[in-house]
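First comes the structure, then the notes that go with it.
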Amino acid sequence: MSVTVKGVIARRKGAPVEVVDIVVPDPGPGEAVVTVQACGVCHTDLHYREGGIGDEFPYLLGHEAAGVVESVGEGVTEVAPGDFVILNWRAVCGQCRACARGKPQYCFNTHNAEQAMTLSDGTPLSPALGIGAFIEKTLVAAGQCTKVDPNATASAAGLLGCGVMAGFGAAVTTGGIGRGDSIAVIGCGGVGNAAIAGAALAGAATIIAVDVDNRKLDWAKEFGATHTVNSRDENAVDAIRALTGGFGADVVVDAVGRPETYEQAFYARDLAGTVVLVGVPSPDSELKLPLLEVFGRGGALKSSWYGDCLPSRDFPMLVDLAHQGRFPLAAFITETIALDEVEDAFAKMHKGEVLRSVVEL
Numbered sequence: 001m002s003v004t005v006k007g008v009i010a011r012r013k014g015a016p017v018e019v020v021d022i023v024v025p026d027p028g029p030g031e032a033v034v035t036v037q038a039c040g041v042c043h044t045d046l047h048y049r050e051g052g053i054g055d056e057f058p059y060l061l062g063h064e065a066a067g068v069v070e071s072v073g074e075g076v077t078e079v080a081p082g083d084f085v086i087l088n089w090r091a092v093c094g095q096c097r098a099c100a101r102g103k104p105q106y107c108f109n110t111h112n113a114e115q116a117m118t119l120s121d122g123t124p125l126s127p128a129l130g131i132g133a134f135i136e137k138t139l140v141a142a143g144q145c146t147k148v149d150p151n152a153t154a155s156a157a158g159l160l161g162c163g164v165m166a167g168f169g170a171a172v173t174t175g176g177i178g179r180g181d182s183i184a185v186i187g188c189g190g191v192g193n194a195a196i197a198g199a200a201l202a203g204a205a206t207i208i209a210v211d212v213d214n215r216k217l218d219w220a221k222e223f224g225a226t227h228t229v230n231s232r233d234e235n236a237v238d239a240i241r242a243l244t245g246g247f248g249a250d251v252v253v254d255a256v257g258r259p260e261t262y263e264q265a266f267y268a269r270d271l272a273g274t275v276v277l278v279g280v281p282s283p284d285s286e287l288k289l290p291l292l293e294v295f296g297r298g299g300a301l302k303s304s305w306y307g308d309c310l311p312s313r314d315f316p317m318l319v320d321l322a323h324q325g326r327f328p329l330a331a332f333i334t335e336t337i338a339l340d341e342v343e344d345a346f347a348k349m350h351k352g353e354v355l356r357s358v359v360e361l
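With the UniProt record's numbering applied, the sequence shown covers 1 to 361.
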């Protein structure tokens, strides 16, 4: 039997979000209903509200979430009612050509719930990243539920559902940062600081944080940056080179996703170094680079999808590292808020006042 709960929607482009009644159906085959305990406020949710990702309004926002499985549909075996889970937006299919090659982190056929959650008048909702978790209960594909240690704190664990995992994976998995390496991270919000924390965990010797906001650079120091560069005050490429013996960093992570920051990353890496793009570009962004430089500098230019993570492998690992005090997961939480404070959280995020606001339900 369906249930009606409170949730946060973006009804139309640019309009303030609203807390409304939402109808959540019983789970069908391969689906699960999850009682959401906490959900982070991510830039991606703001992109949805602003129409930067699509125009399938109204959107049910929220996706960095953790909670408890309430019920499951026919054929679900991977999770059961009572399991504590982090929600992920790349539920692997196990059958596509990427999965068949043993690279499920690149699954080309990720899936979501088949049924729609709706407004009380029957209007179907588009859940952000196939999740929609600014809500008391949400309907997802069972494969979007990743079991982790039930002793984890939901407000911290949920952040692995997007931003923290994306940043950590960009540095460690996609970038392959290792002991003694150098790394520069451009953009020190939640994703960038997760890359910095990952690089510190991996044993990088030189960790350079680049931003235009000194407050974010101060946060970066807390997450393990050994040097900071305010690119309003000095040339970022020159500064990164000066801090790496004149050569450039082994890995440069662009956590902003603008043509100018990508160009900085390209020229700030060492010969045969790696550039990792994890910041999401706007649809109209274009990049122009001299092809001879692309060839002559060697190395790799990579995009990082979700930190190239495999949720079933990486979420439990990072929760365990947080419990051991080796990864500062809870430090990403700036404030906890209620459902009706999401619009205010967007304003704070836009001003750079928070790393993460987290809705607790």
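Here a beta-carbon is modelled for each residue, glycine too, at the ideal position from N, C-alpha and C. A quick note: this is a predicted structure, and the numbers were derived from the prediction, not measured.
Test item: CB-CB of residue i and residue j under 8 angstroms
{"i": "Ala170", "j": "Ile196", "result": "no"}
{"i": "Thr123", "j": "Ile186", "result": "no"}
{"i": "Ala133", "j": "Cys42", "result": "no"}
{"i": "Pro58", "j": "Ser71", "result": "no"}
{"i": "Val8", "j": "Gly51", "result": "no"}
{"i": "Ser2", "j": "Val19", "result": "no"}
{"i": "Glu343", "j": "Val17", "result": "yes"}
{"i": "Tyr306", "j": "Ala184", "result": "no"}
{"i": "Val191", "j": "Ala128", "result": "no"}
{"i": "Glu114", "j": "Glu31", "result": "yes"}
{"i": "Ser155", "j": "Glu360", "result": "yes"}
{"i": "Ala265", "j": "Val252", "result": "yes"}
{"i": "Ala200", "j": "Ile208", "result": "no"}
{"i": "Val164", "j": "Phe332", "result": "yes"}
{"i": "Thr146", "j": "Ser312", "result": "yes"}
{"i": "Leu301", "j": "Gln105", "result": "no"}
{"i": "Leu119", "j": "Leu329", "result": "no"}
{"i": "Phe84", "j": "Ala152", "result": "yes"}
{"i": "Thr77", "j": "Ala91", "result": "no"}
{"i": "Glu79", "j": "Val69", "result": "Glu is not the amino acid found at residue 79; the sequence shown has Val there. Yes, the Cβ-Cβ distance between Val79 and Val69 is below 8 angstroms."}
Residues of its chain near residue i, where Cβ-Cβ distance is below 8 angstroms and the 5 sequence neighbours each way are ignored
{"i": "Asp55", "result": "Lys13"}
{"i": "Arg97", "result": "Phe108"}
{"i": "Ser285", "result": "Gly257, Arg258, Pro259"}
{"i": "Asp26", "result": "Met1, Ser2, Val33, Ser71, Gly73"}
Range of the contiguous alpha helix (DSSP H) that encloses residue i
{"i": "Cys42", "result": "Here Cys42 belongs to no alpha helix (DSSP H), and DSSP marks it neither H nor E."}
{"i": "Ile240", "result": "236-242"}
{"i": "Glu293", "result": "291-297"}
{"i": "Ser312", "result": "311-323"}
{"i": "Arg269", "result": "Looking at the DSSP string, Arg269 is not in any alpha helix (DSSP H); the run it does join, the beta strand (DSSP E), is 269-277."}
{"i": "Lys6", "result": "No alpha helix (DSSP H) contains Lys6, which is instead part of the beta strand (DSSP E) from 3-10."}
{"i": "Leu217", "result": "214-223"}
{"i": "Val342", "result": "342-350"}
{"i": "Ala100", "result": "97-100"}
Sequence-distant residues of its chain with Cβ nearer than 7 angstroms to residue i (five each side left out)
{"i": "Ala157", "result": "Ala66, Ile86, Val148, Val319"}
{"i": "Asn214", "result": "Asn230"}
{"i": "Glu74", "result": "Pro29"}
{"i": "Glu335", "result": "Val354, Ser357"}
{"i": "Asp308", "result": "Gln105, Gly169, Thr173, Thr174"}
{"i": "Gly248", "result": "Ile240, Arg241, Ala268, Arg269, Asp270, Gly273"}
Residue range of the unbroken beta strand (DSSP E) whose run includes residue i
{"i": "His227", "result": "227-230"}
{"i": "Phe57", "result": "Counting along the chain, Phe57 falls outside any beta strand (DSSP E), and DSSP gives it neither H nor E."}
{"i": "Thr110", "result": "Unbroken run through Thr110: none, as it is neither H nor E."}
{"i": "Ile196", "result": "No beta strand (DSSP E) holds Ile196; the alpha helix (DSSP H) holding it covers 190-202."}
{"i": "Val140", "result": "137-141"}
{"i": "Ile335", "result": "Correcting the residue type first, residue 335 is Glu in the shown sequence and not Ile. Where Glu335 is concerned, the enclosing beta strand (DSSP E) stretches over 335-337."}
{"i": "Ala15", "result": "Premise fails: Ala15 is in no beta strand (DSSP E) and is neither H nor E."}
{"i": "Ala255", "result": "Careful: Ala255 lies outside any beta strand (DSSP E) and carries neither H nor E."}
{"i": "Ala116", "result": "No beta strand (DSSP E) holds Ala116; DSSP gives it neither H nor E."}
{"i": "Ala66", "result": "64-72"}
{"i": "Ala91", "result": "From DSSP, Ala91 is part of no beta strand (DSSP E); its letter is neither H nor E."}
{"i": "Thr206", "result": "206-211"}
{"i": "Lys302", "result": "300-303"}
Residues near residue i in its chain [Cβ-Cβ closer than 6 angstroms; skip 5 each side]
{"i": "Gly130", "result": "Trp89, Asn112"}
{"i": "Ala204", "result": "Ile177, Asp181, Ile183"}
{"i": "Leu46", "result": "Phe346"}
{"i": "Pro316", "result": "Val148"}
{"i": "Leu321", "result": "Phe327"}
{"i": "Arg49", "result": "Ala10"}
Practice task
Tell me, please, whether the segment 134-146 touches the segment 237-249 by the rule of three or more beta-carbon pairs shorter than 8 angstroms.
Solution key: Contact fails between the segment 134-146 and the segment 237-249, because fewer than three Cβ pairs, one in each stretch, are under 8 angstroms apart.
Handout entry: Continuous alpha helix (DSSP H) assignments of at least 4 residues falling wholly in the segment 148-183
Key = If you keep only unbroken alpha helix (DSSP H) runs of at least 4 residues inside the segment 148-183, you get 154-157, 163-169.
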